[in-house]
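Here is the structure we will look at.
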Amino acid sequence: MNQLRFILILFLLPFFNIYGQSHSCKKPVLANNNVWTQARLAAFEKEIENLRVRNHIPGISVGIVKDKQLAWQKGFGYADVEQKIVPDEHTVYQIASVTKTFGFILLMQQVEKGKVSLDDPIAKYNINLGARWGSDERIKVKHLLTHTAMVNSLNAFKPGYTFRHNRDWYNRLGLVIEKAAGQSFGEILLQNIIRPLGLQNTVPSTDDSVNFKLTGYQLDSFITIVAKPYDWQKKQLVPVQYTYGFGPAAGLMSSVADLAVYANGLDAQQFLQPQTWEKVFTPFVTPKGKEIQYGLG
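Everything in the sequence shown is counted per full-length UniProt numbering, starting at 1 for the first residue and increasing by one.
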């Protein structure tokens, strides 16, 4: 697009620290734009830094995409407080639920190939949700995808009526994708999105040794560019160790530079057919005709 449009890609380290300082990683290239003047950029940077300090965030990487390029980026605070390592556009973070966007793309690719129907019952893919839900034949793939699988007394114990976010159930869509494609979720992700886009620092969680190994990277080398997690306890920073699982719902790691490329791909409606994208962004409608303001994924 020729007009200015930007995507703010902002990553927060999972836990918090107030002591980092703001550091510029690159000179702004938008300063002469009639919207992004030097003064407005300075105000923008100040707001980000204030946000970081107020929330005791150790480090943030921020990027602005303009005309399909990462036109500006800056690191705030530290990716490693002890070593005073400033984050930049290549610093890798856990991207949490942004992983879901990769997951729904891979699922919808299987739908386009005719290998999956959104109306397939979850039992077809040996999905068991446990408790009262189990492998209820009434629960379909579309219900996991739209977070409407939860049944309770408020919806007469019928799926499709109520939105209730459930990361674990969304993660079960990995079983659907794997059965349809005949490959592991990690293999499909690398083959269909990461490698075609040339993403350099987007990988399955380093805690998932099997899927991380698919990237061909050496773990000891890769973790040197990964932001270090901390917890904010009693007004002081405490380094912590967390284990992140990997699947369609969460567990992917990436950087501002890579997600700028990925965002351009989404904006250009790559990966899926136009009619599929239209369906993805159309609010899900319950059996009673009520829109839930949530599409597919």
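Glycine included, each C-beta is placed from N, C-alpha and C at the ideal position. As the structure is a prediction and not an experimental result, all values here were calculated from the model.
Cβ-based neighbour list, residue i, same chain, cut-off 7 Å, excluding 5 preceding and 5 following
| i | result |
| --- | --- |
| Glu178 | Ser184 and Phe185 |
| Leu189 | Phe102 and Leu106 |
| Asn192 | Leu106 and Gln109 |
| Gly151 | With the sequence shown as reference, residue 151 is identified as Val, and Gly is not the correct amino acid for it. Closer than 7 Å at Cβ, skipping near neighbours: Trp133, Phe157, Lys158 and Pro159. |
Counted within 10 angstroms of its Cβ, other Cβ atoms place residue i as buried (16 or more) or exposed
| i | result |
| --- | --- |
| Asp220 | exposed |
| Phe281 | exposed |
| Asp80 | buried |
| Ile95 | buried |
| Ile223 | exposed |
Own chain residues within Cβ distance below 8 Å of residue i, not counting five before or after
| i | result |
| --- | --- |
| Gln110 | Val116, Val176, Ile177, Ala180 and Ala181 |
Test item: CB-CB of residue i and residue j under 7 Å
| i | j | result |
| --- | --- | --- |
| Ile225 | Val92 | yes |
| Gly59 | Gly77 | yes |
| Val141 | Asp168 | no |
| Thr146 | Phe284 | yes |
| Leu199 | Tyr170 | no |
Distance between beta carbons of residue j and residue i, contact taken as under 8 Å
| i | j | result |
| --- | --- | --- |
| Asp88 | Gln69 | Rounded, the Cβ-Cβ distance is 16 Å, inconsistent with contact. |
| Thr206 | Asp258 | Not quite, the Cβ-Cβ distance comes to about 15 Å (not below 8 Å), so this is no contact. |
| Gly251 | Phe104 | Their Cβ separation, rounded to whole angstroms, is 15 Å, which puts Gly251 and Phe104 out of contact at 8 Å. |
| Pro204 | Phe246 | 4 Å |
| Val261 | Leu197 | 5 Å |
| Ser97 | Gly75 | Not quite, the Cβ-Cβ distance comes to about 23 Å (not below 8 Å), so this is no contact. |
| Ser135 | Ala149 | With a Cβ gap of about 12 Å, Ser135 and Ala149 do not count as contacting. |
DSSP bridge partner residues for residue i (one or two, in chain order)
| i | result |
| --- | --- |
| Val65 | Leu70 |
| Lys140 | Pro121 |
| Pro239 | Tyr230 |
Cut-off 6 Å between Cβ atoms - residues of its own chain near residue i, not counting five sequence neighbours on either side
| i | result |
| --- | --- |
| Val238 | Asp231 |
| Ile127 | Arg172 and Leu175 |
| Gln21 | In this predicted model, Gln21 has a pLDDT of only 32, less than 50, meaning its place in the structure is not dependable; the value taken from the coordinates is given anyway. If we look at Gln21 and ignore the five residues flanking it on each side, it has no Cβ neighbours. |
| Glu278 | none |
Contact test: residue i Cβ vs the ligand ZN heavy atom, cutoff 6 Å
| i | result |
| --- | --- |
| Met108 | Of the ligands one can find in the structure shown there are none, so the ligand ZN has no counterpart to examine. |
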